[in-house]
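Have a look at the structure below, then the notes.
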DNA sequence: AGCAACGATTTAGACGATTCAATTCACCCC
DNA sequence: GGGGTGAATTGAATCGTCTAAATCGTTGCT
């Protein structure tokens, strides 16, 4: 009833456990006849390798942990897909963990992953200076930051130039004639959000007459976008921002919904730019302008860096890879279309 | 450098490994002074339990595998969240695997999960009669089918009455006066899709003059919905269906996009009903009517059944839990609104 | 004082796969 | 026929944790 072990396979094939192990790991050094006998035995008994035992013996697991801020955000599922693709090629497994932008949940996942002695961790951290994260690294688990530049030399990272993303969005809006602009995102303690804000702030400051208002949210989901949208709609038209730059597309979609619900027109009454360029952005009620990040490539590259780090061991030097974002202009921010 | 083991903790605290283990697992039976000494030692050395060793010893892991058809579909992320919630309460971990509606990938994930001797598997299978899946169950891994009724007594299952869902959608469209209706979904070999089709077929047959056309897709994603939409738009208006029932919301959203791109109005030229009622449905360009399934509840219930099965052991009797879907009528199928 | 009973702690195997040094065996050559 | 060679296989130790049984002290009770 219980799954048979290598020992039973060996017994049935009339060989020692060492030979069975050899058939599994270095089949070429086993005599063909013996090999066949063992393979038949494996099949007959329905033997399945026990990963826990392999792992214990090897000291290292073949699982990579990927901790993301929001699995429901297509940006992260794309990212996960990129990571998984490479993992698959290297016979490792990706375990996706959802921190929901909550440090407590994030910590819980890191604990679990460390107990599992994972091969490594890819993480979009809530706070990259988190002592727990540093402790994890210090105890020897390789960690690669994703969508977040490492601000110190302790780890590898893969990121996108968020300040540039913010500047692209800001420049576009200002050149389109907007002077009252809302920035929606949060928490501002998250580096990605802060950088996107810093980017647009730079260009807003350059154009002296631009008024940039900040609306901070706790979590960047559709609900919160809608709430801010209702807030904006309630403002007197004379002082209401005429454009909004959202730190992710979910917020932008929520904002768009609120505009529709309150009879405000997009982009006429409110131009909107999102961030990430998830698939739903182009498909929205009003196709959404968005700053595109190469999500799958981020994931794949992060996995590459991780494997590089593990293989190089002591000789490894941490690297910071930075990609460029790209502004996709669509109807939601473009009065000339639509 | 290497992570310390229980042995080193014991040595530093001047006790035996057994005592350390007791501190970890049954702290109450250890004398307070000793306990404190051990805990201090744990903290000082940065000891982290080795899950692989525990697992090997226990013979069963504390990880539950969840295999879904499409992680990018919010329906499944909601489902995963429901499952995770309960897992968290019971100190287990959920490992989400994406089969992408591909039997090969599904099989690969099942192999991996079996090697990991997971606590159990929750799966929305491509084909519930898959011999590999049955073999997995036969070798002793508890499996619960999710969003899919077990057609035989071999496993527990949690599902939603898909035929009813199809009937709800069909009845609504027919009562709204539609006579040429498209069904979009696939592959038809998937039970969920077949059932939804069977449901709408029932009511279409009852109303003698209804013409139901079937458009099969390989994968139910936004892209494919758009493709079918373009195909529909190209038909002469006199023979083009006036309504479409999509087997999931991603298809419906794609269809909606295609309608917008080809200047067809929704619902006037084409009424649309989706399935799952994902968050994006209500937020679409034209708010999307959809058959709602209680995704999170499905996930949570599946996890409940799994735990029940593991605890009951031999005495367990498989159960089939079936929920009722609910039709959410919105603008995309309702000429009286909008 | 002697024995029982109890609490605290230790000891000694598992669990299953891997690995490497040691062994066996067949064969070849001088 | 003895010694050497090399391929094939074996056997035992090991990874870190858990647990049942054994041990060691105390204390309490008569």
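Residue numbers (our numbering), protein chains in the order written: chain R, 3 to 340; chain P, 3 to 340. Ideal placement from N, C-alpha and C gives every residue a C-beta, glycine not left out.
Quiz item: From residue 162 of chain P to residue 328 of chain P, what distance separates their C-alpha atoms?
Solution: Those two C-alpha atoms are separated by around 10 Å.
Exercise. Sort R/176, R/148, R/227 by Cα distance to residue 322 of chain R and report the nearest one.
Key: R/148
Quiz prompt | Chain-ordered residues of the stretch 39-61 of chain R with a beta carbon less than 7 Å from chain P | solution = Taken in chain order, the members of the stretch 39-61 of chain R whose beta-carbon sits within less than 7 Å of a beta-carbon on chain P are 48, 50, 51, 52, 53, 54, 55, 57, 58.
Quiz item: Taking just the CA atoms, how far does residue 14 of chain R sit from residue 75 of chain P?
Solution: Cα-Cα distance, rounded: 46 Å.
Practice problem: Consider the Cβ of residue 128 of chain R: report whether some Cβ of chain P lies at a distance smaller than 8 Å. | Solution: no
Exercise. Would you decide whether residue 172 of chain P is buried or exposed? Buried here means 16 or more other CB atoms lie within 10 Å of its CB.
Key: buried
Exercise. Return the residues of the stretch 214-235 of chain R that lie within a Cβ-Cβ distance of less than 8 Å from chain P, sorted by chain order.
Key: Answer in chain order: 224.
Quiz prompt | Bridge partner(s) assigned by DSSP for residue 188 of chain R | solution = For residue 188 of chain R, DSSP assigns no beta-bridge partner whatsoever.
Quiz item: If you measure from the beta carbon of residue 322 of chain P to each beta carbon in chain R, is any gap under 8 Å?
Solution: So, not an interface residue.
Practice problem: Have a look at residue 303 of chain P and residue 210 of chain R and give me their C-alpha separation to the nearest angstrom. | Solution: Straight-line Cα distance between these residues: approximately 58 Å.
Quiz item: Who pairs with residue 122 of chain P in a beta bridge, going by DSSP?
Solution: P/66
Quiz item: Which first and last residues belong to the beta strand (DSSP E) in which residue 147 of chain P is found?
Solution: Membership of residue 147 of chain P in the beta strand (DSSP E) is indicated by the continuous run 145-148.
Practice problem: Determine which residues of the stretch 100-124 of chain P have a Cβ less than 7 Å from any Cβ of chain R, and write them out in chain order. | Solution: 114, 116, 117, 118, 119
Exercise. Answer with yes or no whether the minimum CB distance from residue 334 of chain P to chain R is below 8 Å.
Key: No - not a single Cβ of chain R is within 8 Å of the one on residue 334 of chain P.
Quiz item: Closest Cβ-Cβ distance between residue 1 of chain P and chain R: below 8 Å?
Solution: There is simply no residue 1 of chain P to check, as chain P begins at 3 and stops at 340 in what is shown.
Self-check item: Local conformation of residue 232 of chain R per DSSP, three classes
Solution: helix
Practice problem: Pull up the DSSP beta-bridge partners for residue 100 of chain P, would you. | Solution: P/70
Quiz item: What residue does the beta strand (DSSP E) around residue 181 of chain P start on, and which one ends it?
Solution: Element bounds for residue 181 of chain P: n/a, residue is neither H nor E.
Self-check item: The alpha helix (DSSP H) enclosing residue 160 of chain P, as first and last residue numbers
Solution: From DSSP, residue 160 of chain P is part of no alpha helix (DSSP H) but of the beta strand (DSSP E) over 158-162.
Quiz item: Leaving out five residues before and five after residue 32 of chain P in sequence, what residues of the same chain have Cβ atoms less than 6 Å from its Cβ?
Solution: 24, 25
Quiz item: Just checking, does the stretch 98-109 of chain P make contact with the stretch 304-312 of chain P on the three C-beta pairs under 8 Å criterion?
Solution: no
Exercise. In angstroms with no decimal places, state the Cα-to-Cα distance between residue 266 of chain P and residue 222 of chain P.
Key: 22 Å
Practice problem: Starting from the Cα of residue 284 of chain R, find the closest Cα among P/224, P/115, P/180, P/202 and give me that residue. | Solution: P/224
Quiz item: residue 332 of chain R to residue 292 of chain R, Cα distance in whole Å?
Solution: 8 Å
Quiz item: Comparing the C-beta of residue 141 of chain P with each C-beta of chain R, is any distance below 8 Å?
Solution: yes
Quiz item: Taking C-alpha atoms, which residue in R/98, R/116, R/306, R/281 lies nearest to residue 53 of chain P?
Solution: R/116
Quiz item: How long is the line joining the alpha carbons of residue 141 of chain P and residue 47 of chain R, rounded to whole angstroms?
Solution: 10 Å
Exercise. Using only alpha-carbon positions, find the residue among R/239, R/153, R/40, R/68 that is nearest to residue 308 of chain R.
Key: R/68
Quiz prompt | Partners in chain P for residue 35 of chain R, counting only beta-carbon separations shorter than 8 Å | solution = Simply none; closest approach about 27 Å.
Quiz item: So, is residue 114 of chain P buried or exposed, given that buried needs 16 or more other C-beta atoms within 10 angstroms?
Solution: Classification for residue 114 of chain P: buried.
Quiz prompt | Residue from R/112, R/121, R/70, R/18 with nearest C-alpha to residue 92 of chain R | solution = R/121
Quiz item: Would you say residue 314 of chain P reaches chain R, if we count a Cβ-Cβ gap shorter than 8 Å as a contact?
Solution: no
Quiz item: What residues in its chain sit with their C-beta under 7 Å from that of residue 9 of chain P, if we drop five residues either side in the sequence?
Solution: 19
Self-check item: Which of helix, strand or coil DSSP assigns to residue 369 of chain P
Solution: Within the shown structure, residues of chain P are numbered from 3 to 340, placing residue 369 of chain P beyond reach of any answer.
Quiz item: How would you write the range of the alpha helix (DSSP H) that residue 23 of chain P sits in, first residue to last?
Solution: 19-27
Exercise. Flag residue 29 of chain P as yes if its beta-carbon sits less than 8 Å from any beta-carbon of chain R, otherwise no.
Key: At a cut-off of 8 Å, the C-beta of residue 29 of chain P has no neighbouring C-beta in chain R.
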